[in-house]
Structure formats: structure tokens, C-alpha cells
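Everything on this sheet refers to the single structure shown next.
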Amino acid sequence: MDTSEGAAIVQVLAEVLDQLTRRNAQHERTHSQSAVTKFHALKPPQISVLAYLERIYKYASCSSECFVLALIYIDRLISKNNFLLTDLNVHRVLITAIMLAAKFFDDAYYNNAYYAKVGGIAVSELNLLEVEFLFRIHFQLHCPSDLYKQYHEQLVHQALIASTCSVSSTMTTVSTSSGTSEYPSNTVASSYISEGYSSTSHHQEEKVYGRA
Numbered sequence: 000m001d002t003s004e005g006a007a008i009v010q011v012l013a014e015v016l017d018q019l020t021r022r023n024a025q026h027e028r029t030h031s032q033s034a035v036t037k038f039h040a041l042k043p044p045q046i047s048v049l050a051y052l053e054r055i056y057k058y059a060s061c062s063s064e065c066f067v068l069a070l071i072y073i074d075r076l077i078s079k080n081n082f083l084l085t086d087l088n089v090h091r092v093l094i095t096a097i098m099l100a101a102k103f104f105d106d107a108y109y110n111n112a113y114y115a116k117v118g119g120i121a122v123s124e125l126n127l128l129e130v131e132f133l134f135r136i137h138f139q140l141h142c143p144s145d146l147y148k149q150y151h152e153q154l155v156h157q158a159l160i161a162s163t164c165s166v167s168s169t170m171t172t173v174s175t176s177s178g179t180s181e182y183p184s185n186t187v188a189s190s191y192i193s194e195g196y197s198s199t200s201h202h203q204e205e206k207v208y209g210r211a
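Numbered according to numbering that gives the first Met the number 0, the sequence shown spans residues 0 to 211.
Shown next as C-alpha cells:
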């Protein structure tokens, strides 16, 4: 993935997460508040999601593929835990997911202390968030190649048309697997993967994206 494509994916990812947190904020205003987790801050960080992602992209030196994998990990976090992504937790979720993706996929990566500095949190806190995230996704860091391709292609597609059309007007919502949940259909993937696209045949040979 080239640099320009990676930067474009970061922008689209930020827009998708912004939309999701805004939608979840509306949900919380009409329903009971979501449970406070280790990812929650006392108040929303002053830095925007886009600026935060751009900072990570600039200083973490991880591959662009890590941002796609991070999105997949965030979806797993949400779907396996009825986790509600909000402006209080999205930044900590992001730095943790991207760090895990870099450790899993990239041949070279920094230690937790460096990622903590980039993310603006204490290394002791990031260490706890890493363990918490892994347990919540059941340590499932492997990603089948067809799933990665779906996420990557849709992010690239949205990046290509973002200059002429807003992300929200081109994304199709699908329901999550947990249809009986009290929460809305709140996986990140549901914001941009259409029902027709997500039902792509899975009869292809399954390969694992990333290092074993």
C-alpha cells in the first residue's frame, strides 16, 4: 500500500469513526448509559479523531495495512462485547488496536513505551489496555485474506470518492450478528459494507493475513 493511499484511508477511517461515535452519542441520550470500561476517559480528548490518527500515522511508522487490521479488530471488540464506541473511549481503542496490528503484522515495531508516547497516555495504562483488548477479542488477531480484502477495498473505494461525495451518503448499513442486543447496529463495518458486498462468497480458499 503506497503512502498516498495510506493517508487517504486514515481520513476515511476517521470519518467513519466520527460518524459512529456521533450515532452512539444519540443512542446514549435516549437509552441507559453504556458501561464504563478501562478504555474510557473522564472527558473527551481535545484532539480530534482525524488529528489523532494522522499523528499515529506520522510517528508510529507502522504499515498502512495496520490501519485496516485495526478497523477489523475494533469491529471484533464491538461485536463480541456489545461495546459502544464513544468520544470517551475511541482514542484509547484506536491506539491499542493499531499497536496490536503493528505487533502482529509488521516485521519491525516499537515497544509499548513509544506507542504510549505517540498516543498521549501512560505506558502502564497502555499495557493494561493491550491485555484488556486481547481478552475482549479472545486473542483473535488473525484475519482471513478475503475479510481483509473486503475492508481494504471498501476503505479505498470511499477514499477515492470522498472528494466529491460525503462518506455518509455512500455507505450502506447492515445489521450485526447480535440482533437481539439492546444496542444499535454499531459495528464499524456496518457503516460502509453493504449487505450485498458482505455476503461475498466465502467458498474461496481461506488464507490468514499477517504473520503466524
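Cβ coordinates follow ideal geometry from the N, Cα and C atoms, glycine included.
Reference residue i; option with closest CA among the options
{"i": "Ala-115", "options": "Leu-128, Phe-134 and Phe-66", "result": "Leu-128"}
{"i": "Leu-99", "options": "Thr-20, Lys-37 and Ile-71", "result": "Ile-71"}
{"i": "Ile-73", "options": "Ala-101, Ser-60 and Ala-96", "result": "Ala-96"}
{"i": "Ser-62", "options": "Gln-25, Gly-5 and Phe-82", "result": "Gly-5"}
{"i": "Ala-53", "options": "Phe-132, Leu-76, Ile-8 and Leu-133", "result": "The sequence as given places Glu at residue 53; Ala does not occur at that position. For Glu-53, the nearest C-alpha among the options comes from Ile-8."}
{"i": "Asn-111", "options": "Gln-149, Thr-36, Tyr-147 and Asn-126", "result": "Asn-126"}
{"i": "Tyr-51", "options": "Ala-34, His-90 and Ser-78", "result": "His-90"}
{"i": "Glu-131", "options": "Ala-24, Lys-37 and Arg-75", "result": "Lys-37"}
{"i": "Ile-46", "options": "Ala-101, Ala-13 and Leu-76", "result": "Ala-13"}
{"i": "Leu-133", "options": "Gln-32, Asn-23, Lys-102 and Arg-22", "result": "Lys-102"}
{"i": "Ile-77", "options": "Tyr-113, Ala-59 and Asn-23", "result": "Asn-23"}
{"i": "Asn-81", "options": "Ala-34, Thr-29 and Asp-145", "result": "Ala-34"}
{"i": "Ser-60", "options": "His-26, Arg-28 and Tyr-113", "result": "Tyr-113"}
Supposed contact pair residue j and residue i - C-beta distance, whole angstroms, cut 8 Å
{"i": "Asn-88", "j": "His-39", "result": "5 Å"}
{"i": "Val-48", "j": "Leu-154", "result": "Incorrect: roughly 15 Å between the Cβ atoms, too far for contact."}
{"i": "Pro-43", "j": "Asp-86", "result": "4 Å"}
{"i": "Val-15", "j": "Ile-55", "result": "In fact, because the Cβ distance is near 16 Å, the residues do not count as touching under 8 Å."}
{"i": "Leu-84", "j": "Thr-2", "result": "Going by Cβ atoms, the distance from Leu-84 to Thr-2 rounds to 27 Å, so no, they are not a contact pair."}
{"i": "Ile-136", "j": "Lys-57", "result": "The pair is not a contact, with the Cβ atoms about 26 Å apart (cut-off 8 Å)."}
{"i": "Ala-69", "j": "Leu-93", "result": "7 Å"}
{"i": "Gln-18", "j": "Ala-158", "result": "Contact doesn't hold; Cβ gap of about 15 Å is too wide."}
{"i": "Gln-139", "j": "Arg-75", "result": "6 Å"}
{"i": "Cys-65", "j": "Asp-105", "result": "7 Å"}
Limits of the alpha helix (DSSP H) - the one that residue i falls within
{"i": "Thr-2", "result": "2-29"}
{"i": "Gly-118", "result": "111-118"}
{"i": "Val-48", "result": "48-58"}
Checklist entry - Counting only runs that start and end within the stretch 65-129, where is the alpha helix (DSSP H) found for 4 or more residues in a row? => result 89-104 and 111-118
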